[in-house]
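Q: Per the numbering used here, the sequence shown runs over residues 87 to 218. After the structure tokens below, expect a handful of questions from me.
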Amino acid sequence: MINMDLKTTFYIITFIGLYLEISGAFLLSMEAIGTDNLLKVADRLRKRRFLFFMCFIILIALVLLISKYTEIFHLSAIIIMIISLGVMYDFAPRIINIIVSKFQKGTAGILGFVLFTIGFILQGYVSLSSLY
């Protein structure tokens, strides 16, 4: 059994709530953009893959250069950022198409609202619990 103090438990609940709230807000904002516009964005990303790849390589070089001379970023943060950007670059058109298919079924907006609400409730619980 893991022994955690109250402060650690509140941090974990806060981060889970924040993640759920951001996920829900993301889905709701994607629904507000509309499926036609999302499909246009996915098509543009698919057509301009080489340009985005070159921008991605330049961004990696700049971040590594900045981190070498200013020591602002840690190496682990740089690696996580590079992997995240690479995954988003490669899978963004597919992710957008999946989200659009869920919007057409009507489930993504409801899921976004539920995630946002649960995240908001968790953060409210931590805020109110820390008062007493």
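Don't be surprised by glycine CBs; every beta carbon is placed ideally from N, CA and C.
I need the straight-line Cα distance from residue 97 to residue 185, nearest angstrom please.
A: Along the sequence shown, one-based indexing puts residue 97 at 11. Along the sequence shown, one-based indexing puts residue 185 at 99. The straight-line gap from Cα to Cα measures roughly 30 Å.
Q: To which residues of the same chain is residue 146 closer than 6 Å at the C-beta, ignoring the five residues directly before and after it?
A: Translated into the one-based positions of the sequence shown, residue 146 becomes position 60. Within the same chain, residue 146 has close Cβ partners 168.
Q: So, do the segment 179–195 and the segment 99–110 have three or more beta carbon pairs nearer to each other than 8 Å?
A: no
Q: Determine the DSSP secondary structure at residue 120, reduced to helix, strand or coil.
A: Counted from its first residue, the sequence shown places residue 120 at position 34. Correct three-state label for residue 120: coil.
Q: Closer than 8 Å by C-beta to residue 111: which residues in its own chain qualify, once you throw out the five before and the five after it? Chain order, please.
A: Along the sequence shown, one-based indexing puts residue 111 at 25. Cβ neighbours of residue 111 beyond the five flanking positions: 198, 202.
Q: To the nearest whole angstrom, what separates the beta carbons of residue 138 and residue 148, a pair I think is in contact under 8 Å?
A: Your numbering for residue 138 matches position 52 in the sequence shown. Your numbering for residue 148 matches position 62 in the sequence shown. Residue 138 to residue 148, Cβ: 15 Å. No contact.
Q: I'd like to check one pair, residue 109 with residue 205: are the Cβ atoms closer than 9 Å?
A: Residue 205 sits at position 119 when you count from the first residue of the sequence shown. Residue 109 sits at position 23 when you count from the first residue of the sequence shown. Result yes, Cβ atoms of residue 205 and residue 109 sit closer than 9 Å.
Q: Return the Cβ separation of residue 124 and residue 182 in integer angstroms, given the expectation that the two are a contact with Cβ distance under 8 Å.
A: If you number the sequence shown from 1, residue 124 lands on position 38. If you number the sequence shown from 1, residue 182 lands on position 96. Yes, they are in contact, since the Cβ atoms of residue 124 and residue 182 sit about 5 Å apart, within 8 Å.
Q: Cβ atoms of residue 179 and residue 128: under 9 Å apart, would you say?
A: As a position in the sequence shown, residue 128 is number 42, starting the count at 1. As a position in the sequence shown, residue 179 is number 93, starting the count at 1. For residue 128 and residue 179, yes; Cβs fall inside 9 Å.
Q: Going straight from the alpha carbon of residue 95 to that of residue 107, what length do you get?
A: Stepping through the sequence shown from its first residue, residue 95 is reached at position 9. Stepping through the sequence shown from its first residue, residue 107 is reached at position 21. Rounded to the nearest angstrom, the two C-alpha atoms are 18 Å apart.
Q: For residue 129, which three-state DSSP category applies?
A: Here residue 129 corresponds to residue number 43 of the sequence shown, with the count starting at 1. If DSSP states are grouped into helix, strand and coil, residue 129 belongs with the helices.
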